[in-house]
Amino acid sequence: MSKMNIDKKIVDDLVANDISFVTTVPCKQLAGVIEEVEARDEVFHIPANKEDEGMGLCAGAWMGGKRPAIIMQNTAIGVTINTLATLIQYYRMPLPMLISYRGELREPVACQVEMALHTKALLAQLNIPTYHFHKQSDVEEFDMILKHTFMCNKPVAILTDANFWGGYGEQ
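Residue numbers (this note's numbering): 319 to 489.
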């Protein structure tokens, strides 16, 4: 499956699960998904300045009757801890978090590795179900993950690493 097809499959699954509000924080790896979200009339896309702000927007969308999702990098997981615990989890809001998992194998930027070391532990500490997309075929589980998060009213993290996206360009 090509990267373009993965981007389309992800957004097709969002739309099929009635996710009509998506907030994003810029990320080179997720740029194709973000462009696909922006191109869809069924989805209201609002870029956020910071991840915790984006989660606040998603909470407002949920309370307003929309199904939200956030697209972000793992490097900002630390910024979101308070918002996840005291807003999203406390009020039992479902929130799919599509997260580029920077700092894993094939990462070209050394400083990205530090947050990668803490990402899964922080999510585990918050008892947030976490799925790691490493192979392109892993995208086949995305639809089931979305159904699960809205069934149980819990946030869910989908970590997508460099192998899943096909690397970081020419290496």
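Glycine is no exception: its CB is placed at the ideal position from the N, C-alpha and C atoms.
The straight-line gap separating the alpha-carbon atoms of residue 374 and residue 324 is approximately 27 Å. DSSP places residue 324 in the uninterrupted alpha helix (DSSP H) bounded by 321-334. A direct Cα-to-Cα measurement between residue 445 and residue 338 gives close to 26 Å.
Around the beta carbon of residue 404, fewer than 16 other beta carbons lie within 10 angstroms, which makes this residue exposed. Residue 369 is positioned such that its CB atom lies no closer than 7 Å to that of residue 340. Between residue 474 and the set 379, 346, 372 and 388, the nearest pair of CA atoms involves 388. Listed in chain order, the non-local C-beta contacts of residue 479 below 6 Å within the same chain comprise 419, 422 and 452, local neighbours out to five positions each way being set aside.
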